Each structure stands twice: as C-alpha cells, then as structure tokens.
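S.K.: Submitted below is the structure of interest, expressed as structure tokens.
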Amino acid sequence: MRILLINPPRDNEILADNPAFIDEERGFNPPLSILYLAGYLKKHSQHQVFALDAQVENLDYNDRFRQKIEAVNPSLIGITVMTFTLVDVLKTIDLIKQAEKNLNKKIIIVLGGPHVHLFPQETINLENVDFIIKGEGEIPFLNLLEALEGRGELDSIKGLVYKKEKEIIDNPIGDFIKNLDELPFPDREILPIKKYNSLLSGDKVVTTMFTSRGCPYRCAFCDRPHLGKKFRARSAQNVVDEMQECLSLGIDEILVYDDTFTVDRQRTINVCDEIIERGLKPIWDIRARVDTVDQEVLKKLKQAGCQRIHFGVEAGTEKILKILNKGITLKQVEKAFGWSKKAGIETLAYFMIGSPTETKEDILETIRFAKKLKPDYIHTTILTPYPATEIYQRALAEGVIKNDYWREFARRPEKGVVTQYWEKQLSREELFSLLDRFYKEFYRRPSFIFKELVKIDSFNDLKKKIKIGLKIIR
Ligand code: B12
Ligand code: SF4
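For what it's worth, our numbering labels the leading residue of the sequence shown as 152, then goes sequentially.
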C-alpha cells in the first residue's frame, strides 16, 4: 500500500503560553512520530512510505500542498495530532478530500498522537476520520495496514478506534513496547534533514531524538500519558549507534527530547562512556530534572559533548513548587545550576507563572530567583492547564475554568479558541504584563547581552540574534 504520513501546517495552531518571539523564532524540529512510524514500516513491511512535513515546507492550504499529496497518490494517509494543531489537521483532511476527487479514489485517513489518546471518542466522531490509534503507534499502525489488506482482524488491534456501521469500536490500548532497542531508528532521510533548526542552535542543522519513553514523575501541570508513566530506556549502545548515524547524515546538533534523560544515573554515565570510547564528537543537549544530576554525572556529560541542559525549575518559591507537585527544592535547583556551570554546560531554566494561589509578589520573587540563579537562558510561559492534567481538573472543580472547554474543542474544533489560565489571583492582562517583565528583566542584563555577542559565530547567527533581541526589547 502507498502510505503518506503528514505533519500538518501550523497556520491555525493554538498559541497557548509562549511569548510571540518564541513562537515566531522557534525554528523547526523534525516530527519524530512520523520518522518512527516510517522507520518501523520500512523495516517490517513492504508498504511504500512517504512523508510530508507541511510546517518545514511552509505549506498552507493551497494547490502546492494538494499537488504534493496527489503526486504521492496514497491509499492511506496518517496524520499526527496535537490538541494545538487539531484545526490544521481538519483543514488538511479537507484538502485530502479534494485530492481524493482529483485522484478518483478513496484515501483512508488515520490519526494518531497525544490528542487522539486524550480524546478518542471525540476524534473518531469528526468528519472523514476513518481510524485513530491511541498510544504508541508503531505496532498497531502496521497491524492496521495488514488488516486492511486482509491479513488480520480490526477488532484485535490494540489501541485502534473505528466505526463499524453506527457503532464505535474502541479497542483497549496494548502494553507499551518493553524493549525499545528493538525499534528501528527514526527514518530521518524521509524528510528534508537539512531544513531543521532551532532557536538556540544558531544556523546549525538539528534533529531530535528520544533515548527513553515515559516519565515516572507526577508534576500537576504535565500530562504525558500517551507514552506511559513508566520509564523505559534504550541501552547506551543503541543510543550511541543512533547518534553516530545522525553524525553520518550531516546533522550538527541533536536535541534529546526525553522527558527526563537522567532518570537512570548509570545509564546516563554509560551513554557518555560509549560516546567517549567511540571517539565521537556529537553536539547534543538534554532535558533533565535538577534532582537527577550530580557533579560526577555533569562532568561526564560535558566530556561526552553535552552542550546544554534544559531544567524544569518552574518557580522561585517553595510554596509554588509544592502546589505544582514538582518534587524539587530551591536548594536542589541552585546546586544543579552551580554544578552545571562548573562543568561547563550551558543551562536553560523553564519557568511558569500564573500557578494556582500564586500572587504578584510570588512571581516577582521568581524573577529575582531567576536573575540570581543566572542560567544561560530562561524560557518562561504562563501556566496553561492542558487537557487531562491535574491542574485542569482542579481548575474545573474550583470553578476557575467554568466548563470543560478542551473537550468541547475536541468535539467541535474551531479556529480561535482562547486558552484559559488560572485567573483567580491575577488577570490575563496582569499575567502577560508580568511575563513581559520577566523576559525583559532577565535578557536585558548587560552580562547576558555580552555573553551572547561573544558566542556569535556567523553572519546568519548575528542576524538572528539581532532580530530576536529587538523583539524582546520592544
Ligand atoms: C519535541 C516536542 C515539541 C517540539 C517539536 C514538535 C514536533 N514537530 O515534533 C516543539 C518545541 C516545536 C513543540 C512545540 C509544541 N508542543 Co510539544 N512536545 C514535544 C515532545 C517533548 C516530544 C514529541 C516527540 O517527538 N515525541 C516522541 C514521539 C515518538 O512520540 P509521539 O510524537 O507521541 O508519537 C508516537 C505516538 O503518539 C503515535 N503517533 C503520533 N502521531 C501519529 C500519527 C499516526 C498516523 C499514528 C498511527 C500514530 C501516531 O505514534 C508515535 C510513535 O510511537 C512532546 C512530549 C512527549 N513526550 O511526546 C511534547 C508535546 C507533544 N507538545 C505539546 C505541546 C502542548 C506543544 C505546544 C503547543 C507548546 C506551546 N505552547 O507552544 C507546541 C505546538 C507545536 C506544533 N504546532 O507542532 C504537548 C501536546 C499535548 C496535547 N494535548 O496535544 C506534548 C505532549 C507535551 C505536553 N504534554 O505538554 N513540541
Ligand atoms: S514536567 Fe517533566 S518531570 Fe514532571 S511529569 Fe512532566 S515530563 Fe515528568
């Protein structure tokens, strides 16, 4: 079967909580979901697989996008869905329907990704959606393709949701993949590798990578259930084999997007040792928790080329850290940042403002803490209670958010949904004004500006930094 996998445009994306300059300048990351599905199908089947990342190709709902779909002439199209891209997914489906007419054939539409996992019933009821797959997609997607060609039954495919006459069949989700080493590497060459870049990486070619799936922690604002709560890690050899492949593909920087790369201390050390022993020089960064690093681990990470660590700090007061069930203390934060600096690794601190019970004074305290902590970068957002998170449930229970508007949106996705914040202590306007103040107070410090100027290594990099700098100062 000819299969096309699509990452939809982001023209109608819900912009929840980022300052505009981040949304405008964040660059493009390859959609790993699609690359994993493609890699798996290529290894385990004869299906012909194609992919289209409408975001990096700058496609909107015009003839060019439709013609690209028609040129593939697919029998089935799989689309990856976040709640935030749902409107674009539906517009993409409309375009596929036009292509269907021109090609004079039925194209089966399959949706997967975090959104469909949260809202399976609402999603299957959307017009022209034939199948959805909840949770990890590799195995059920292949099983679906096989069943559609008469080699298997739909009702035995784990995580599959579909309509049988008027009835909705919602198969329970299967076990998560136990041994992630068995998965083939993401098929990066199916998309235009060299077009991917990121805000922090200058004009380097970047890719993303997952060395583990699942996060065992329980932060109240976070919801990652589609890949599980159990931490499942790939072996050091397998991870470094993939890094080596990335290097051979001409990729300059690898963004390791594991929810928390450092959950298993020994594995972290093993990955670093493997890189060092093979004499590789990858540039990579990771996301980690401050309570999962120590001086020895950080030194190893540095030796192995880890350039930057993104730590979720969230707040500069113990009161809010508790409310968020973050499970860390400010002391741990200070230690982790101090050790990282000593090891020579850049740091990025994620902060959020607008948490339950947080006052203006608490936020000003967080700004003071951020400046004292002196990470290389901060990324601050207004806390947006995402669907199915503990904070969203609390907001509904306390009447801070009046109705289950995410479910309503999942049922009837329309452009222009306004994301709701925790507006009990502070209004939307006050939150935006404090967000602005946070960025300005942090990034306007002369020490920061000087450090960034020293790091500029090309004319393009200089242009990009001037552009972003002007947006922050404005
Ligand atoms: C990397 C990342 C980004 C990157 C890159 C996005 C990209 N192009 O990949 C950036 C920084 C740009 C980003 C931005 C945003 N992100 Co983001 N991001 C992630 C992150 C950390 C990893 C995604 C990933 O690569 N996962 C690894 C792959 C293998 O897993 P997967 O994508 O889930 O795919 C598997 C299954 O879901 C399924 N599947 C997926 N698609 C399909 C399609 C088919 C047909 C099938 C059969 C199966 C299937 O099979 C795959 C293989 O098992 C996830 C968290 C996470 N742990 O997944 C959040 C996450 C996806 N992001 C999220 C959010 C909220 C956002 C933003 C809205 C944030 C913001 N405020 O700006 C934006 C929206 C961006 C956009 N328009 O695309 C949420 C989505 C929640 C939701 N309800 O939809 C997540 C889940 C994190 C969270 N809980 O907060 N993000
Ligand atoms: S915020 Fe990070 S550590 Fe907390 S549950 Fe989410 S992924 Fe895990």
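Note that the Cβ used here is the ideal one computed from N, Cα and C, for glycine as well.
This one's a predicted model, so the numbers in the text were calculated from it and none came from an experiment.
1) Would you list the residues sitting across from Arg153 in a DSSP beta bridge?
2) Pick from Ile290, Asp162, Met394: whose alpha carbon is nearest that of Leu192?
3) Is Lys329 helix, strand or coil when you go by DSSP?
4) State the beta-bridge partners of Leu499 as determined by DSSP.
5) For Asn158, which beta-bridge partners are listed by DSSP?
6) With 16 other CB atoms within 10 Å as the buried threshold, where does Glu278 fall?
7) Return helix, strand or coil for Tyr537, following the three-state DSSP convention.
8) Give a yes or no on whether the C-beta atoms belonging to Lys492 and Gly456 are separated by under 7 Å.
9) Could you check where the alpha helix (DSSP H) with Met394 kicks off and where it finishes?
10) Any chance the CB of Arg161 is under 6 Å from a heavy atom of ligand 1?
11) Output needed for Leu296: all residues of its chain with C-beta closer than 8 Å, excluding positions within five of it in sequence on either side, in chain order.
12) Would you tell me roughly how many angstroms separate the C-alpha atoms of Val280 and Val261, rounded to the nearest one?
13) Whole angstroms are fine: how far does the CA of Gly286 sit from the CA of Glu559?
14) Taking the continuous alpha helix (DSSP H) assigned at Val223, which residues delimit it?
15) Any heavy atom of ligand 1 inside 6 Å of the beta-carbon of Thr234?
16) Counting pairs of beta carbons, one from the region 311 to 331 and one from the region 379 to 386, are three or more of them closer than 8 Å?
17) On the DSSP bridge assignment, give the partners of Tyr313 in chain order.
18) Between Ser184, Ser598, Leu378, Leu246, which has its C-alpha nearest Leu342's C-alpha?
19) Cα-Cα, which of Ala466, Arg429, Thr480, Gln417 is closest to Leu449?
20) Looking only at DSSP bridge pairs, what is Trp435 linked to?
21) Kindly give me the distance between the Cβ atoms of Glu251 and Lys257, rounded to whole angstroms, as I take these residues to be in contact under 8 Å.
22) Kindly list the residues whose CB is nearer than 8 Å to the CB of Ile283, restricted to its own chain and excluding five residues on each side of it in sequence; keep chain order.
23) Exposed or buried, which one is Gln218 when buried takes at least 16 other CB atoms within 10 Å?
24) Is any heavy atom of ligand 2 found at a distance shorter than 6 Å from the C-beta of Asp442?
25) Hey, Ile529 and Ala494: beta-carbon distance below 7 Å or not?
26) Can you list, in chain order, the residues of its chain whose CB lies under 7 Å from that of Ile308, leaving out five sequence neighbours each side?
27) Provide the residue span of the alpha helix (DSSP H) that contains Val422, from first to last.
28) Using the beta-carbon count (16 or more within 10 Å), is Gln388 buried or exposed?
29) DSSP on Ala384, reduced to helix/strand/coil?
30) What span of residues does the alpha helix (DSSP H) with Val484 cover, start to end?
31) Report yes or no: do the region 404 to 413 and the region 365 to 380 share at least 3 C-beta pairs separated by less than 8 Å?
32) Can you check which of these residues, Arg596, Gln249, Ile230, is closest to Ala205 by C-alpha distance?
33) Please determine whether the Cβ atom of Asp436 lies at a distance below 6 Å from any heavy atom of ligand 1.
34) For Asp227, which of helix, strand or coil comes out of DSSP?
35) Say whether the region 466 to 475 touches the region 427 to 446, bearing in mind that this needs 3 or more beta-carbon pairs closer than 8 Å, one atom from each stretch.
M.R.: Taking the coordinates as given:
1) Gln199
2) Ile290
3) coil
4) His461, Tyr528
5) Asp204
6) exposed
7) coil
8) no
9) 387 to 399
10) yes
11) Met152, Ile154, Leu192, Ser196, His198, Leu227
12) 7 Å
13) 22 Å
14) 214 to 223
15) yes
16) yes
17) Phe282, Ile320
18) Ser184
19) Gln417
20) Ile405, Cys457
21) 7 Å
22) Val261, Leu262, Gly263, Val267, Pro271, Thr274, Ile275, Leu311, Val312, Tyr313
23) exposed
24) no
25) no
26) Pro291, Asn294, Leu295, Ala298, Asn322
27) 416 to 428
28) exposed
29) strand
30) 481 to 494
31) yes
32) Ile230
33) no
34) Per the sequence shown, the amino acid found at residue 227 is Leu instead of Asp. In this structure, Leu227 counts as strand in the three-state DSSP scheme.
35) no
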